[in-house]
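The structure under discussion appears below in the form of structure tokens.
In the numbering used here, the protein residues as written are 977 to 2083.
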């Protein structure tokens, strides 16, 4: 309470006005006795008022639940402005008691005038005034409602009872401002309830058809309450338990608040009448609940008419009692419009007694123009009365000036309506007059304030714009119209335009700021926007957006003010560039004061000298002296710079660690606008390395010629050795390739006979011994055939003759394919093949499909062969972290539970013909499988590795680059090429390709971009020449990897035929190996395009041939 020491606590606790202090978060920290008495709570209990669970509701004047964000203290915290005359009702649920208070909150600030210190709130008990006002308003409306409803029932219940009930529902709904009023009956015989009548307010959807034959089983609690004669009042449906059946049912019909009253007939419940609030939450007052109960009684028994008359008489008595005490003037006239009654408040407002006012002339009480308006209202009243159009809904308002008894002029507002007797006859006028002088004066002050604001906003340098909450323009100044009007689609500004009417402007960013302002009214938000200028340039504008609020503190409109900051931005950018240059330049930059003490040094200075920022700033550069620079040099330096000249020279300085280094320096003065030197700047370059090289060059020059001769001789000898070694290597490699090729042919031919006849023998009838021998022949033959294939694979890879077609491959699909093909060999050793795959999201890699399958089959075969009986082989896929260059590797791992490999043997595992641990097992092999795996993965741009330990199994893995699917690539290319020009040249293109997605892509490109070209498809290598002769195409597109023949062979056939040799051929393949491209172009290919196809390049290649 130290902050309140300046207050006299005794005085504060004696006044009748409540005072509450809250901290900047809204938490009450002090309350005087009056506040605790009015609110019924101690200061540490005041937070209960914010929670319905604590037994309290905060209501607005109309009985609706007061939104927390509109509490005066909350608004004062948000806007940092005072909040005046807010009326609220503090309803204690348990006691069903409401205390009405007037709240005013004002922020207090710290000495800086910006930071909130606390919120000062006054609490005034106005329960009596509000009670009188509400009673008068309620009783007046109630009198009208009761009279009309009674008349409706008296006339209608005998003639048209359904119409009478429906009309009475409408009157009740309008009176209570409900969204929906309805009647349900209870059918106890069939345990059902039916919605029999319903009235809905404007815009409210009816539900009567949906609420027929509702079973009692879903409304047991509801039925229990009603049969006991109890009402059901739910002011806030959202406060019900989330999983409550009742809450779910009410929310399904968009109900926010509800009140139902049972209809009783001789102590038996026959149904109920209810009210719904759909548009806003509402706490039904005791008067409103009682009214609904009265209505329920009227429905149940005609006897209610007698009770109703008694209530009317009591209402009139209370009405008279209220009018005697209300602050506003209530008056009536007779049917000749002569005033015959005025309430005692006439003395407060006019200074006359009731008798004096009634007996005097209106000419001395009202201004002439006011009397003229009054007579016009009387004339309108008479005309409606004469032609029979006068109704209870007619209402007239008169605002004017009146004269008090003491001659003082004041402003008043009078509301007039017809007065009716019980026989529905007009008896005169009922009027309520209120002194509005204060409000009028405040309005005039507001108008003057707005005029002053208007002068401000019409500044020639500021743009001013106002919009409603939807963005529609409601006001703009001339400066805004001048700078922005030309940008609108209509080339001008008009009411109803919005920011979305502006061409090429930052709509989305502006809308985001507007939404943020609406969420936080009163808070200023800044945004910079680049704006086109009429001359085609770009100017930068700075805007301040703020959401203004209405009298109730709710968001009402947007205020936007802007200014051109282009010149400022240019200067700032220049400063930023200079600052970044100084900070990042690889030179030492030092700025000193006139005494030579360092005030600034860039980061490179600390890097060069080894000193920290703290060690150098404030010090003199002499800390770097080595003692080798003479006094005369320093004197010359200072003589130049103190006279405004520049000095250049070389320093031999010393770093913090004692290391000597050389610097080339340029030092000069920094002057202000008046030409006065304020600082000195030194820019120095470390030339230590340059000095060292210069010294070395001097030494080298002394013996340069001799060293050149020696080196030349060495190079000549080395060159001869290299030429000989290279020639020998090429001859050896060629001999190896020739040998392997001949071996393949020579071995495959007899192997064909061995395996063929072996299979024929196996099909015949054999003895067990013969059958075992034949099986040995077949097994050995297959083993030898695998050896031949693996040797040839190694040979092709090393000679560069293997064809790799890299394209997007779906990983999981390939893994599942090879798994099926290896199940038989796994089952023979009772080994389970497992996969750990995330099949929900397809994953694509760049690979040759056939070679990838070969790699995975080799790895899985090894995992099966070198596994224990009954072991497991698991294939898994992991997406590794993306590298800085955007490379995302996909790792495919094959893990077994076999014998494992010693760490010392791992580095030899991928060397051809190396069979690690072969001496420990009887598993046959060549030692080439893993060598083929490594070289195939290398060719596909990937990596291969192994992790193993003896007795713990092995994990072999490969990594290949992740990529988009073929479909994604097609869509991307289609998007990139959507603006590609469409040509109309004609011709025929023959496409030799077996892959349907590639065919569909090329077909789509031709159909959409080159509509005059006909595409003919041929899906095999065989017959390609004949097809070309048949269709005589303008161009042939050729894939390499066809199922029955290599594309190079087809190219040679085409170029060797007289009819087709002149036809241009473009090769389209995923094989981008340089030697492959060179071979095909040498064979006659016009062009070579790699997959995936880049549409623009493809079309350019086609257009170059087909003009």
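Idealized CB from N, CA, C, for every residue including glycine.
No experiment lies behind these values; they were computed from the predicted model shown.
So, are the CB atoms of residue 1782 and residue 2057 less than 9 Å apart? no
Close Cβ partners of residue 2144 (< 6 Å) along its chain, the five nearest in sequence each way excluded: In the structure displayed, the chain extends from 977 to 2083; residue 2144 sits before or after that span and is not available.
Counting beta carbon pairs with one atom in the region 1061–1081 and one in the region 1091–1099, are three or more of them shorter than 8 Å? yes
Can residue 1964 and residue 1992 be called in contact, C-beta distance under 9 Å? yes
With a threshold of 9 Å between beta carbons, is residue 1812 in contact with chain D? You won't find chain D in this structure, because it holds only one protein chain.
Based on Cα-Cα distance, which residue from 1140, 1968, 1504, 1494 lies nearest to residue 1532? 1494
Between which two residues does the beta strand (DSSP E) harbouring residue 1096 extend? 1092–1101
DSSP three-state label for residue 1004, please. strand
Simplified DSSP state of residue 2074, which is helix, strand or coil: helix
State the Cα-Cα distance for the pair residue 1407 and residue 1374, rounded to the nearest angstrom. 10 Å
Just to confirm before moving on: does the CB-CB distance between residue 2011 and residue 2052 stay below 9 Å? no
Report the rounded CA-to-CA distance for residue 2077 versus residue 1916, giving the unit in angstroms. 27 Å
Helix, strand or coil for residue 1349, going by three-state DSSP, please let me know. helix
What residue range is occupied by the uninterrupted alpha helix (DSSP H) comprising residue 1055? 1048–1055
Cβ-Cβ separation, residue 1209 to residue 1265 (assumed contact under 8 Å), whole Å: 7 Å
Relative to the C-alpha of residue 1785, which candidate in 1826, 1800, 1814, 1799 has its C-alpha closest? 1826
Does the contact criterion of 3 or more C-beta pairs under 8 Å hold for the region 1632–1643 versus the region 1654–1668? yes
Note the first and the last residue of the continuous beta strand (DSSP E) segment covering residue 969. Because the chain is modelled from 977 through 2083, residue 969 falls outside the range shown and cannot be assessed.
Could you spell out where the alpha helix (DSSP H) holding residue 1615 opens and where it closes? 1607–1618
Three Cβ pairs or more, each shorter than 8 Å: is that satisfied between the region 1036–1043 and the region 1053–1072? yes
Pull up the DSSP beta-bridge partners for residue 1170, would you. 1161
Return helix, strand or coil for residue 1967, following the three-state DSSP convention. strand
Would you mind stating whether residue 1870 and residue 1931 have Cβ atoms separated by less than 9 Å? yes
Roughly how many angstroms lie between the CA atoms of residue 2038 and residue 2021, to the nearest whole one? 22 Å
Tell me which same chain residues have a C-beta within less than 7 Å of the C-beta of residue 1845, skipping the five on either side of it? 1805, 1806
Give the secondary structure of residue 1083 by DSSP, where H, G and I count as helix, E and B as strand, and everything else as coil. strand
Does the region 1392–1409 come into contact with the region 1361–1372, if we say contact requires no fewer than three beta-carbon pairs (one atom in each stretch) closer than 8 Å? yes
Do residue 1015 and residue 1025 have their C-beta atoms within less than 9 Å of each other? yes
Residue from 1337, 1336, 1385, 1313 whose Cα sits closest to the Cα of residue 1352: 1313
Kindly indicate which three-state DSSP category residue 1435 falls into: helix, strand or coil? coil
Taking the C-alpha atoms as reference points, what is the distance between residue 1132 and residue 1245? Residue placement at residue 1132 is poorly supported in this model, since its pLDDT is 44, which falls under 50; the coordinates still yield a value, given next. If I take the Cα positions, the gap works out to 24 Å.
Quick one: using the 10 Å Cβ neighbour count with 16 as the cut-off for buried, is residue 1534 buried or exposed? buried
Residue 1921 lies in the beta strand (DSSP E); which residues open and close that run? 1919–1924
For the region 1410–1460, which segments carrying the beta strand (DSSP E) assignment without a break, of at least 3 residues, lie completely within its bounds, in sequence order? 1438–1443, 1449–1452
List the residues that DSSP assigns as beta-bridge partners of residue 1376. 1388
Would you grab the beta carbon distance between residue 1966 and residue 2009 for me? Rounded to a whole angstrom, and I think it's under 8 Å. 4 Å
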